[in-house]
Each structure stands twice: as C-alpha cells, then as structure tokens.
Amino acid sequence: MGRPSYDFTRCRVLVVGGTRGLGNTIARRFERAGASVTVTGTQFLRSAYDARLDNYDYLRLDLTSHDSIVRVAEQVGPVDILIDAAGARVPHTSDAQELEFVSHSVRLGLLGPTQLAHRLRHRLAESQMRGGGAVIHTHHLRRWCEMAVGGANAHTEMLNTVSRLAAAWGSNGIRVNAVASTVVVPRQAPLRVDNDRQPGPLMTRTRTQRTGTLHDVTEAALFLASGGAAFITGQTLMVNGSGAGGARIAY
C-alpha cells in the first residue's frame, strides 16, 4: 500500500526550520500536496543550504531573537498551517549570562516557537480550512522545553504546552497538536537453537526491528494538519513504531 493522499491546494504553510532534516522533508511533502510553502532558516541566503529551496519562499528567522520573530510574523502573510521543526540553537559565542537570558525568555514564552505561534495567532484564526488553522509541533519543541525547565521535565512540559495552547486557542478555531518522534536503533536479537543430536555450532538467526524514518513522522504531521483531523486538538501523537523492547534514542 502507498502513502495516504492529501490535497492542500490553496493552503499556505509555514515550516519553521524547513531548510534541512525533518522540516525540509515536511516542506517537500506539503509542496507536492499542492500547498504554497514558506520555509525559515537561520542563514541570510537560501543558497547557503544544501537542500534545494527554489519552490519555497524563504525567510531568515532566529527564534532566540525577539526582533527576528516580530519581523517574520510581519512578513509572512496569511498562514493556514504552522509547522514547528526548528531546533533550539543558541550561538556558540554566547556567554553564560546570555544563555541564561535566552533560557529565562523561553521560560516566559518571550522567545522560541511558541512566541512565533502567538504572533501568528490572528492569521491562523482567519484560515478557511476545515477544522480551522493548524499548529503542528514536532519533537524539536522538547529541546526548547529543556531550555526552560530542564531535561527531566521537558517531555511533560511539551505535552502541557500543546494542551494549554489548544485549550486557549480553540475558541479562535485554531487546532494545536504535536508529533513526538523517536529514532529507533535497529538491533540484532540472536535466536539460539540447540542441535541435540551431536555437538556442533549453534544455529543463529538475526531479527532486525523496523526503523522509523522522517517520512513516517511527516505523514503523521500531514494527517494532523488535514481536514481528516479537524476535530483533533491538544494531542501529542507518538510516532515510534518500535513496540515493546525497542532500542530507542529519544529526540
């Protein structure tokens, strides 16, 4: 069976962090489904990236800069779907005081992907999509939560953030969901079978567990953004596919 078919014709999609990795995979999938896609990155020129970005509008965005967030919110135009796929990257030249300032600002919601979402709230509320405008966070939100509350509480904070925004924005016709993915590491599990007739080497068989891909996560994000999920909000969809006992490296 092939992948599901979606039609996002006339939909305006903003993929934050759409220049590489998961964000770029999501951007390409939306573009193939007919959407008009804008991607953001931290470089001044789109030509600085290895991925081809010719089919998208490009905006430079630094989520650790209030001015940058405001500028992008003013430039982007109408938005039906906002995808958060930008990692929490603080410049390596930042000193301890600057790092604490960024962390404190993220904690207060003044910087990071949730601040951009707040800035675009009125645009999303104007969407004519079935189910209204959609915000889809990816596992990158967890990195921002780590900056705010520490690693031990980051996953819970991510779930709570999605739930809070969904409850607050539901009256505006905006759905907020997330896709929390894990990287599944294939492992070999030898099956040992004794030959009881005579001593000899053991027969072994290896079993490789199914591995999730960026495309698996992308399909989950497209579903949550589609009209098929028009009555789903405040949910974090776990995409790990490993079942019990899978060797996983989270985020």
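According to our numbering, the sequence shown is numbered sequentially starting from 1.
Even glycine gets a Cβ: it sits at the ideal position worked out from N, Cα and C.
I need the DSSP call for residue i, collapsed to helix, strand or coil.
i, result
"ASP7", "coil"
"THR19", "coil"
"ASN172", "helix"
"LEU61", "coil"
"ARG12", "strand"
"THR218", "helix"
"VAL90", "coil"
"LEU53", "coil"
"ILE232", "coil"
"ASN160", "helix"
"VAL102", "helix"
"LEU141", "helix"
"LEU108", "coil"
"VAL79", "coil"
Look at the alpha carbon of residue i and the alpha carbon of residue j, and state the distance between them as a whole number of angstroms.
i, j, result
"ALA42", "VAL176", "The sequence given here places Thr at residue 42; Ala does not occur at that position. Roughly 25 Å between the two C-alpha positions."
"HIS66", "LEU111", "6 Å"
"LEU22", "TRP144", "16 Å"
"LEU53", "GLY241", "30 Å"
"HIS215", "SER171", "32 Å"
"VAL39", "ALA88", "16 Å"
"ARG164", "VAL15", "22 Å"
"ILE26", "LEU159", "21 Å"
"ARG28", "ASN153", "33 Å"
"GLU98", "THR64", "10 Å"
"GLU219", "VAL102", "32 Å"
"VAL90", "ARG20", "17 Å"
Would you mind giving the Cβ-Cβ distance between residue i and residue j, rounded to the nearest angstrom? I have them listed as a contact below 8 Å.
i, j, result
"THR161", "THR114", "6 Å"
"GLY77", "GLY133", "The Cβ separation is near 14 Å, so there is no contact."
"ALA86", "HIS140", "6 Å"
"ASP80", "SER127", "4 Å"
"SER181", "VAL135", "Not really, about 17 Å apart at Cβ, beyond 8 Å."
"LEU108", "LEU82", "The pair is not a contact, with the Cβ atoms about 21 Å apart (cut-off 8 Å)."
"ALA178", "THR236", "4 Å"
Using 8 Å as the limit for Cβ to Cβ distance, is residue i near chain C?
i, result
"SER103", "No chain C appears in the structure shown, which is made up of a single protein chain."
Q: For the stretch 61 to 77 and the stretch 45 to 52, state whether three or more C-beta atom pairs, one from each stretch, are separated by less than 8 Å.
A: no
Q. So does the stretch 227 to 242 actually touch the stretch 19 to 36, counting three or more Cβ pairs closer than 8 Å?
A. no
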